[in-house]
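A.B. asks:
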Amino acid sequence: MTTTTLPIRTKEVRVNIRWAHPEQRRFIDSQVKHKVIRAGRRGGKTVGIAILAVRAFLAGRRVLYTAPTSEQTDAFWFEIKQALLPLIETGVYKLNEAERFVEKIGTENRIKAKTAWNADSLRGDYADLLIFDEYQLPNEDAWEIVGMPMLLDNNGDVVFIYTPPSLKSIGISKAQDPRHAAKLFKDAEKKKSAGESWDTFHFTSWQNPFISQDALVGLTKDMSSKTLRQEILAEDDEVETAWLVHSKFNETLCKIRRFTIPLNWDVYSGHDFGSANPAALFGARVKLPLP
Numbered sequence: 323m324t325t326t327t328l329p330i331r332t333k334e335v336r337v338n339i340r341w342a343h344p345e346q347r348r349f350i351d352s353q354v355k356h357k358v359i360r361a362g363r364r365g366g367k368t369v370g371i372a373i374l375a376v377r378a379f380l381a382g383r384r385v386l387y388t389a390p391t392s393e394q395t396d397a398f399w400f401e402i403k404q405a406l407l408p409l410i411e412t413g414v415y416k417l418n419e420a421e422r423f424v425e426k427i428g429t430e431n432r433i434k435a436k437t438a439w440n441a442d443s444l445r446g447d448y449a450d451l452l453i454f455d456e457y458q459l460p461n462e463d464a465w466e467i468v469g470m471p472m473l474l475d476n477n478g479d480v481v482f483i484y485t486p487p488s489l490k491s492i493g494i495s496k497a498q499d500p501r502h503a504a505k506l507f508k509d510a511e512k513k514k515s516a517g518e519s520w521d522t523f524h525f526t527s528w529q530n531p532f533i534s535q536d537a538l539v540g541l542t543k544d545m546s547s548k549t550l551r552q553e554i555l556a557e558d559d560e561v562e563t564a565w566l567v568h569s570k571f572n573e574t575l576c577k578i579r580r581f582t583i584p585l586n587w588d589v590y591s592g593h594d595f596g597s598a599n600p601a602a603l604f605g606a607r608v609k610l611p612l613p
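If you're matching positions, the sequence shown starts at 323 in the numbering used here and goes up one per residue.
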């Protein structure tokens, strides 16, 4: 019996990865296991994370990108398809547009964009690179209950990306603590100082050289100082300045010593509509005796 060795045909394929600006390169090139990114709107955080994700995918890793809504995954998914189209056209890689993933056929090598608000909506997938975008919005249990155990089997990496929450975003957040992303950022700084594999990255909208600086100047002129700090400069407010109603609460003026309330005093009940209508406050006299 004779055997014939057939020549292996290879083809060089170029992948279209965008150029990264300096702030993007900082977190793309970082080798730590846990990254927390705080960036201004249009600062390039999603494009930068798409570059990181494509590089990980080409290295054979399984990448899972999550954001709370389908619309928020659109920019990432567009970048992934643009970059990997030459590979998909070879037939070695498969594109599933409905479920938003690209995979190397017959392997665990995959990159996927998925919506996730909480632990339940994140279940059913696994990865060795997990990315949370708009992390100020989903419930903390997405990471604590599902994300963290997901990475234990393969010693995977995680990236958290957020912009400081505004009054509007706090109103739609599913988080138990609307400031959980900011607290994670501070905790990551402490862990980095302690020598753990964590790092933090902060950059503003101004530091993205690929957007119009003139347009950004015009946009910021119409912003309040608070919106400018949150959306453009990506600055986390301290707790006392983040309160929605009593941002200037002064204990000397607003707090009195406890005393027994006379039974003949009228009782009033108030309702704060919060982010649903920040300017509205309902108050009503309660009919006595109380039930």
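Every residue, glycine too, gets a C-beta built ideally from N, C-alpha and C.
Suppose contacts are defined by Cβ-Cβ distances below 7 Å. Is Thr526 in contact with Phe507 by that definition?
C.D. replies: Their beta carbons are not under 7 Å apart, which means Thr526 does not touch Phe507 by this criterion.
A.B. asks: Grab me the residues of Leu555's own chain with a C-beta within less than 7 Å of its C-beta, minus the 5 sequence neighbours each way, in chain order.
C.D. replies: Gly362 and Thr526.
A.B. asks: Whole angstroms are fine: how far does the CA of Gln346 sit from the CA of Ser519?
C.D. replies: Going by the C-alpha atoms only, they are around 19 Å apart.
A.B. asks: Give me the Cβ distance between Leu374 and Val337, rounded to the nearest whole Å; I'm assuming they're in contact under 8 Å.
C.D. replies: About 14 Å separates the two Cβ atoms, so there is no contact after all.
A.B. asks: Check the C-beta distance from Met472 over to Ala449 and give it rounded, since I have them as a contact under 8 Å.
C.D. replies: Correct: roughly 6 Å between the Cβ atoms.
A.B. asks: Starting from Thr395, trace the alpha helix (DSSP H) both ways and give me its first and last residue.
C.D. replies: Per DSSP, Thr395 belongs to the alpha helix (DSSP H) from Ser392 to Ile410.
A.B. asks: So, with DSSP's three-state summary, where would you put Ser534?
C.D. replies: Residue state, collapsed to three classes: coil.
A.B. asks: Tell me whether Leu555 sits in a helix, a strand or coil according to DSSP, three-state version.
C.D. replies: Looking at Leu555 - three-state DSSP - the assignment turns out to be coil, as it is neither helix nor strand.
A.B. asks: Glu334 to Asp463, Cα distance in whole Å?
C.D. replies: For Glu334 and Asp463, the distance between alpha carbons rounds to 43 Å.
A.B. asks: Report the rounded CA-to-CA distance for Ala564 versus Leu409, giving the unit in angstroms.
C.D. replies: Below a pLDDT of 50, predicted positions are generally treated as unreliable, and Ala564, at 47, falls in that range; no measurement from the model is reported.
A.B. asks: If you compare alpha carbons, which of Arg348, Ile427 and Pro390 is closest to Thr412?
C.D. replies: When each option's Cα is compared against that of Thr412, the closest is Ile427.
A.B. asks: Shortest alpha-carbon distance to Arg348 belongs to which of Gln529, Asp588 and Thr542?
C.D. replies: Answer by Cα proximity: Gln529.
A.B. asks: Take Arg551 and list the residues in its own chain whose beta-carbon comes closer than 6 Å to its own, dropping the five residues that flank it on each side.
C.D. replies: If we look at Arg551 and ignore the five residues flanking it on each side, its Cβ neighbours are Glu557.
A.B. asks: Taking only the alpha-carbon atoms, compute the straight-line gap between Ile533 and Gly366 and give it to the nearest angstrom.
C.D. replies: One C-alpha to the other measures close to 9 Å.
A.B. asks: In the DSSP assignment, find the alpha helix (DSSP H) that holds Ala441 and state where it starts and stops.
C.D. replies: From DSSP, the alpha helix (DSSP H) with Ala441 extends over Ala441 to Leu444.
A.B. asks: Report whether the distance from the Cβ of Ala342 to the nearest heavy atom of the ligand ZN is below 6 Å.
C.D. replies: Of ligands this structure carries none, so the ligand ZN is not represented either.
A.B. asks: Grab the span of the alpha helix (DSSP H) containing Arg360 for me, first residue to last.
C.D. replies: Arg360 -> not in any alpha helix (DSSP H); beta strand (DSSP E) instead, spanning His356 to Ala361.
A.B. asks: What is the DSSP secondary structure of Lys333, reduced to helix, strand or coil?
C.D. replies: In the structure shown, Lys333 sits in coil (DSSP, three-state: anything other than H, G, I, E or B).
A.B. asks: Give me the Cα-Cα distance between Glu393 and Glu419, rounded to the nearest whole angstrom.
C.D. replies: If I take the Cα positions, the gap works out to 14 Å.
A.B. asks: Comparing C-alpha positions only, which one of Lys577, Arg607 and Arg579 sits nearest to Trp587?
C.D. replies: When only C-alpha atoms are compared, the closest one is Arg607.
A.B. asks: Quick one: what does DSSP say Ser546 is sitting in, helix, strand or coil?
C.D. replies: The answer is coil: DSSP assigns Ser546 none of H, G, I, E or B.
A.B. asks: Could you tell me if Tyr590 is buried or exposed, where buried requires 16 or more neighbouring beta carbons within 10 angstroms of its beta carbon?
C.D. replies: Exposed is the call here.
A.B. asks: Which same chain residues, not among the five before or five after Trp341, have their C-beta less than 6 Å away from its C-beta?
C.D. replies: Hits under 6 Å: none found.
A.B. asks: Beta-carbon within less than 7 Å of Thr368's beta-carbon, same chain only, minus the 5 sequence neighbours each way: which residues are those?
C.D. replies: Closer than 7 Å at the Cβ level, and outside the excluded window around Thr368, lie Ala397, Phe398 and Asp455.
A.B. asks: Cβ atoms of Arg432 and Arg384: under 7 Å apart, would you say?
C.D. replies: Taking 7 Å as the Cβ cut-off, Arg384 and Arg432 qualify as a contacting pair.
A.B. asks: Can you tell me whether DSSP reads Ala503 as helix, strand or coil?
C.D. replies: Helix, per DSSP.
A.B. asks: In its own chain, which residues sit with a C-beta less than 7 Å from the C-beta of Val480, not counting the 5 before and 5 after it?
C.D. replies: Closer than 7 Å at the Cβ level, and outside the excluded window around Val480, lie His356, Leu452, Gly469 and Leu473.
A.B. asks: Do Ala503 and Tyr457 have their CB atoms nearer than 7 Å?
C.D. replies: Yes, the pair counts as a contact, with Cβ atoms nearer than the cut-off.
A.B. asks: Could you tell me how far apart the beta carbons of Thr437 and Ala389 are, in whole angstroms, since I believe they sit closer than 8 Å?
C.D. replies: Correct: roughly 6 Å between the Cβ atoms.
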